[in-house]
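Residue numbers (UniProt numbering): 1 to 387.
Glycine included, each C-beta is placed from N, C-alpha and C at the ideal position.
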């Protein structure tokens, strides 16, 4: 947190506070702040968030414990994470939910519980559109670092020499995870990102290790899928925090030093020192790091204050999404099953070729292709498809 001058702090705090105001009551609470600006429009139940709010909302999920629903879906559905278990809150309608399960749809839950919430109203299309498959965003060009190793068979053949003497992990699992043998020791290299790994143990999972050590490899992300990828990253972050846990005495000094800053003194006057202290302490305990910006601390204090006001110590006001669902008929729960991969005819079709858009191959086979099997156009990129 920066040590800003009082005038700058005053203006910035006023700006943020107005950015997250949601109704007449919050307007009255914020009316006493001089020089207030109104970057958020709530007229006629519409909502236009300034860029700082969605960005800060996503950053609240640094220690989110679930891979499904994942942090991006939760954030884009209007929920702020409270840094306590899996409790979230919408600052526009004051709805508080916890105990999420992997079948919960965060936006559907939000819309069902608070259909008149400004965020829900603004995010809901005015006209019905055809249902679309959930996909990952297009990320980067379809350019492997080692194009000659793009097929699984080519990668497997690199292990067929006297140098590779290991039986676990299996050659199949290593090649499927994108690795080919470097020719010495047990060093393997990813054909797509170029990352290399060695010192394999008998119980190591090549797919998991690939995602853990090279989280930006597009092939590894597509192969593992969103759920496994998120679980790997969450576990990795948890281990890093545990291994770098701050001593309690040092933590106390860190908190006290931040409570002495002009910004925190101003926030203490607005929300109470106990709330500011709790936010700073939770941030260090959960994430082993300071807030990324002053705005994040301001929003954390606002969220905690809203949460206290919304629940008022009554646990019955905490909603469990799966226990508040409207029964859905079995016909509506039917999942779309994608056809089999045109290459191996074993796995399901998991990749869409771009720019043509044809969905025709699983991840392993799709990354071995240079042209679309359907239209023969050159593949410039791929995107992961989920039924």
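Kindly give me the distance between the Cβ atoms of residue 89 and residue 100, rounded to whole angstroms, as I take these residues to be in contact under 8 Å. Reading the chain shown from its first residue, position 89 is the one you call residue 89. Reading the chain shown from its first residue, position 100 is the one you call residue 100. Incorrect: roughly 13 Å between the Cβ atoms, too far for contact.
From the DSSP output, read off the bridge partner residues of residue 340. For the purposes of this step, residue 340 is taken as the residue at position 340 of the chain shown. Bridge partners of residue 340: 348.
How many Å lie between residue 360 and residue 371 at the Cα? Taking the chain shown and counting its residues from 1, one reaches residue 360 at position 360. Taking the chain shown and counting its residues from 1, one reaches residue 371 at position 371. Taking the straight line from one Cα to the other gives about 11 Å.
Are three or more beta carbon pairs between the stretch 197 to 207 and the stretch 175 to 183 nearer than 8 Å? Yes, the stretch 197 to 207 touches the stretch 175 to 183.
Which class does residue 384 belong to by DSSP, given the choice of helix, strand or coil? Start at 1 with the first residue of the chain shown, and residue 384 comes out as number 384. When DSSP states are grouped into helix, strand and coil, residue 384 belongs to the strand group.
Helix, strand or coil at residue 263 [DSSP, three-state]: The residue labelled residue 263 in the question sits at position 263 within the chain shown. Residue state, collapsed to three classes: helix.
Do the CB positions of residue 300 and residue 60 come within less than 9 Å of each other? Counting from one through the chain shown, the residue named residue 300 turns up at place 300. Counting from one through the chain shown, the residue named residue 60 turns up at place 60. Yes, Cβ-Cβ distance for residue 300 and residue 60 is below 9 Å.
Identify every residue that forms a DSSP beta bridge with residue 179. Residue 179 sits at position 179 when you count from the first residue of the chain shown. Paired residues: 190.
CB of residue 374 within 9 Å of CB of residue 347, strictly: Taking the chain shown and counting its residues from 1, the one referred to as residue 374 is at position 374. Taking the chain shown and counting its residues from 1, the one referred to as residue 347 is at position 347. In this structure, residue 374 sits away from residue 347, with a CB-CB distance that is not shorter than 9 Å.
With a cut-off of 8 Å on the beta carbons, I'd call residue 296 and residue 70 a contact; round off their distance for me. For the purposes of this step, residue 296 is identified with residue 296 of the chain shown, where counting begins at 1. For the purposes of this step, residue 70 is identified with residue 70 of the chain shown, where counting begins at 1. Cβ-Cβ separation between residue 296 and residue 70: approximately 20 Å, too far for a contact (criterion under 8 Å).
Of all the options 202, 291, 166, 266, which has the alpha carbon lying nearest to the alpha carbon of residue 185? Translated into the one-based positions of the chain shown, residue 185 becomes position 185. Minimum Cα distance to residue 185 is reached at 166.
Would residue 314 and residue 84 qualify as a contact pair, given that the criterion is a beta-carbon distance under 9 Å? On the chain shown, position 314 is the one that residue 314 refers to. On the chain shown, position 84 is the one that residue 84 refers to. Between residue 314 and residue 84, the gap from beta carbon to beta carbon reaches 9 Å or more.
Per-residue burial, residue 344 [other beta carbons within 10 Å of its own, 16 or more giving buried]: Here residue 344 refers to the residue found at position 344 of the chain shown. Residue 344 counts as exposed, since fewer than 16 other beta carbons sit within 10 angstroms of its beta carbon.
Might you give, ordered along the chain, the residues of its own chain that have their beta carbon closer than 6 Å to the beta carbon of residue 264, omitting 5 neighbours on each side? In the chain shown, counting from the first residue as 1, residue 264 sits at position 264. Here the set comprises 258, 276.
Between residue 93 and the rest of its own chain, which residues show a CB-CB distance below 7 Å, the 5 nearest in sequence each way excluded? One-based indexing of the chain shown puts residue 93 at position 93. The residues are 114, 117.
Taking the DSSP output, what are the residues bridged to residue 353? Start at 1 with the first residue of the chain shown, and residue 353 comes out as number 353. Residue 353 has 382 as its beta-bridge partners, per DSSP.
Let me check understanding here. Comparing Cα to Cα, which of 369, 383, 321, 376 lies closest to residue 351? Numbered from its first residue, the chain shown carries residue 351 at position 351. The closest CA to that of residue 351, considering only 369, 383, 321, 376, is found on 383.
Where the beta strand (DSSP E) containing residue 121 begins and where it ends: For the purposes of this step, residue 121 is taken as the residue at position 121 of the chain shown. Boundaries around residue 121 are those of the alpha helix (DSSP H), 118 to 123, since no beta strand (DSSP E) includes it.
What are the residues that DSSP puts in a beta bridge with residue 68? In the chain shown, the residue the question calls residue 68 occupies position 68. Beta bridge pairing from DSSP links residue 68 with no other residue.
What residues in its chain sit with their C-beta under 6 Å from that of residue 224, if we drop five residues either side in the sequence? Your numbering for residue 224 matches position 224 in the chain shown. Here the set comprises 207, 211.
What's the call for residue 367, buried or exposed, on a 16-neighbour Cβ count within 10 Å? Here residue 367 refers to the residue found at position 367 of the chain shown. The C-beta of residue 367 has 16 or more other C-beta atoms within 10 Å across all chains shown, which makes the residue buried.
Is DSSP giving residue 374 helix, strand or coil here? As a working note, residue 374 is residue 374 in the chain shown. Coil, per DSSP.
Please confirm whether residue 107 and residue 67 have their CB atoms less than 9 Å apart. To locate residue 107, count along the chain shown from 1; it is residue 107. To locate residue 67, count along the chain shown from 1; it is residue 67. No.
Between which residues of its own chain and residue 144 is the CB-CB distance below 6 Å, once the five residues before and five after are set aside? Position 144 of the chain shown, counted from the first residue, corresponds to residue 144. Only 150, 191, 192 meet the Cβ criterion.
Closest to residue 228 by C-alpha separation, out of 244, 209, 243, would be which residue? Counting from 1 along the chain shown, the entry for residue 228 is found at position 228. Taking only the C-alpha atoms, the option nearest residue 228 is 209.
Rounding to the nearest angstrom, what Cα-Cα distance links residue 215 and residue 269 in this structure? Within the chain shown, the letter at position 215 stands for residue 215. Within the chain shown, the letter at position 269 stands for residue 269. The alpha-carbon atoms of residue 215 and residue 269 are separated by roughly 42 Å.
With a 10 Å radius around its C-beta and 16 neighbouring C-beta atoms as the bar for buried, classify residue 273 as buried or exposed. If you number the chain shown from 1, residue 273 lands on position 273. With fewer than 16 other Cβ atoms within 10 Å, it is exposed.
Local conformation of residue 107 per DSSP, three classes: Counting from 1 along the chain shown, the entry for residue 107 is found at position 107. Residue 107 falls in the helix class under three-state DSSP.
Tell me which same chain residues have a C-beta within less than 8 Å of the C-beta of residue 320, skipping the five on either side of it? What you label residue 320 is simply residue 320 of the chain shown in a count that begins at 1. Cβ neighbours of residue 320 within its own chain (closer than 8 Å, five residues either side excluded): 97, 98, 99.
Measuring only the C-alpha atoms, how far is residue 306 from residue 91? By 1-based counting over the chain shown, the position of residue 306 is 306. By 1-based counting over the chain shown, the position of residue 91 is 91. Rounded to the nearest whole angstrom, the CA to CA distance from residue 306 to residue 91 is 7 Å.
Does residue 202 pass the burial test, meaning 16 or more other C-beta atoms within 10 Å, or should it be called exposed? Residue 202 sits at position 202 when you count from the first residue of the chain shown. Answer is exposed; the Cβ neighbour count stays below 16.
Thinking just about the alpha-carbon of each residue, which of 163, 171, 162, 353 is nearest to the one in residue 463? A question about residue 463 goes unanswered here, because the residues of the chain that appear run from 1 up to 387.
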